[in-house]
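Going by the working numbering, the first residue of the sequence shown is number 324, and it counts up by one from there. Worksheet for the structure shown next.
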Amino acid sequence: MRFRREKGRLGIEKSSSKVHMVEIESIGGGFKVLQYAVIEYLPDGERWAVAQVKEALAKKRFRAKIARAALSGPTLHHRIIPLPPMTTREMDVVVQREVRREMVSSAERFAYDFQIIGESEEPALKRSEGPLALAVTEAERVELLAGGVKRREVLVATAPRRMAEAQRAFAEQCGLRLESLTTIPLTLVNLLQSMESVTAQRGIGFLYLRQHAGHLVIVNRGRFRFSREFPLGEKVQEEGLAGSEIGQEVGQTLVDELR
324 MRFRREKGRL GIEKSSSKVH MVEIESIGGG FKVLQYAVIE YLPDGERWAV
374 AQVKEALAKK RFRAKIARAA LSGPTLHHRI IPLPPMTTRE MDVVVQREVR
424 REMVSSAERF AYDFQIIGES EEPALKRSEG PLALAVTEAE RVELLAGGVK
474 RREVLVATAP RRMAEAQRAF AEQCGLRLES LTTIPLTLVN LLQSMESVTA
524 QRGIGFLYLR QHAGHLVIVN RGRFRFSREF PLGEKVQEEG LAGSEIGQEV
574 GQTLVDELR
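Structural data, given as structure tokens:
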């Protein structure tokens, strides 16, 4: 979900029991929320959810007809891969290749999205190491073997294609044109990158929790660090509390980032 400087876009997230809707406009270095709503429904009540979304649109509480949707849930996966400098189109080809390689043993098809979150310097690699396969040219392979190469850190999200298609169908039933489809963590990173007041900070953290896992985004003087997904124990899920898993992950990530 790309937060461009424009009006008339509706952010929407549909889970198994809720629909979150938000309409925003850009103001200065940030965004203003115009409307926000949460529609709850039973697992077999999707028709009712569609009717409620249409009602909200008809009453002009939400004026946007073009939607950007975000997926969430335990079937989503996020990871960071380092890539050499390249165009967005080339990056899309490489990411697609990596996703296909990872999912070769799965009978299910997957959709994906990605976001550049920072840069890193790679140490020299051995000729037998897998990351050399990501090099696009022979010159890049030579650089990787020599070490000290600047790499772009790319956050990649994958989701079952059936999940993405269901979200697109839901938007169409609601009378919305789905412009883009991504995940909540990618949306958060993209939003924070567009806010100058955030990117200038040193060591500021943003925590996103969902039912089964948590994500942590650290911003350190313009550099983003996306922590690995960390599972939430049953006690945390049942009580809705920030348990030891969260504290350990936040603490370790801050230590790694700010040392």
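A virtual CB, placed ideally from N, CA and C, is assigned to each residue, including glycine.
Under the three-state DSSP convention, the category D415 falls into = Counting from 1 along the sequence shown, the entry for residue 415 is found at position 92. In this structure, D415 counts as helix in the three-state DSSP scheme.
ask   = In chain order, what residues of the same chain lie with their CB nearer than 6 Å to the CB of W371, ignoring the 5 residues before and after it?
value = Taking the sequence shown and counting its residues from 1, the one referred to as residue 371 is at position 48. Taken in chain order, the residues that qualify are Y364.
message = In this structure, how does DSSP classify L399 when only helix, strand and coil are distinguished?
response = Stepping through the sequence shown from its first residue, residue 399 is reached at position 76. Looking at L399 - three-state DSSP - the assignment turns out to be coil, as it is neither helix nor strand.
message = Residues in the same chain with beta-carbon distance under 6 Å from K355, minus the five sequence neighbours each way, listed in chain order, please.
response = On the sequence shown, position 32 is the one that residue 355 refers to. Only E348 meet the Cβ criterion.
message = Let me make sure I understand the geometry here. Which of E378, R420, S339 and T506 has the alpha-carbon closest to that of A584?
response = The structure shown does not extend to residue 584, since the chain spans only 324 to 582, so no value can be given for it.
query = Between I335, Q490, A489 and L511, which lies nearest to L478 when the distance is taken from Cα to Cα?
reply = Within the sequence shown, the letter at position 155 stands for residue 478. Ranking the options by Cα distance to L478, first place goes to L511.
query = Which of the three DSSP states, helix, strand or coil, is assigned to L448?
reply = Counted from its first residue, the sequence shown places residue 448 at position 125. Residue placement at L448 is poorly supported in this model, since its pLDDT is 49, which falls under 50; the coordinates still yield a value, given next. It is coil, neither helix nor strand.
query = When you compare each of R432, G441, R475 and L501 to R391 by their alpha carbons, which one comes out closest?
reply = Numbered from 1 along the sequence shown, position 68 holds the residue referred to as residue 391. Comparing Cα-Cα distances from R391 to each of R432, G441, R475 and L501, the minimum goes to L501.
query = Is the Cβ-Cβ distance between R475 and I439 less than 7 Å?
reply = One-based indexing of the sequence shown puts residue 475 at position 152. One-based indexing of the sequence shown puts residue 439 at position 116. In contact: R475 and I439 (Cβ atoms closer than 7 Å).
task = Could you tell me whether the Cβ atoms of A430 and R484 are closer together than 7 Å?
result = Start at 1 with the first residue of the sequence shown, and residue 430 comes out as number 107. Start at 1 with the first residue of the sequence shown, and residue 484 comes out as number 161. Taking 7 Å as the Cβ cut-off, A430 and R484 do not qualify as a contacting pair.
query = How about E421 and F385: are their beta carbons less than 7 Å apart?
reply = Position 98 of the sequence shown, counting from 1, holds the residue named residue 421. Position 62 of the sequence shown, counting from 1, holds the residue named residue 385. Cβ atoms of E421 and F385: not closer than 7 Å.
key: Alpha-carbon spacing of E425 relative to V416, whole angstroms   = Counting from one through the sequence shown, the residue named residue 425 turns up at place 102. Counting from one through the sequence shown, the residue named residue 416 turns up at place 93. So the two alpha carbons sit approximately 14 Å from each other.
message = I need the straight-line Cα distance from H400 to S340, nearest angstrom please.
response = Taking the first residue of the sequence shown as 1, we reach residue 400 at position 77. Taking the first residue of the sequence shown as 1, we reach residue 340 at position 17. Taking the straight line from one Cα to the other gives about 21 Å.
inquiry  = Is it buried or exposed, E336, if we count other Cβ atoms within 10 angstroms and call 16 or more buried?
reply    = The residue you call residue 336 lines up with position 13 of the sequence shown. Looking at its Cβ environment, which holds 16 or more other Cβ atoms inside 10 Å, E336 is buried.
message = What does the alpha-carbon distance come out to for the pair A482 and T398?
response = The residue given as residue 482 occupies position 159 in the sequence shown. The residue given as residue 398 occupies position 75 in the sequence shown. So the two alpha carbons sit approximately 6 Å from each other.
task = For G441, write down the residues that DSSP places opposite it in a beta bridge.
result = The count along the sequence shown starts at 1 and reaches residue 441 at position 118. Paired residues: E476.
request  = Just grab the DSSP bridge partners of Y435 for me.
outcome  = Here residue 435 corresponds to residue number 112 of the sequence shown, with the count starting at 1. Answer by DSSP bridge pairing, in chain order: T481.
query = Helix, strand or coil: how does DSSP classify L539 here?
reply = As a position in the sequence shown, residue 539 is number 216, starting the count at 1. Reduced to three states, the DSSP call for L539 is strand.
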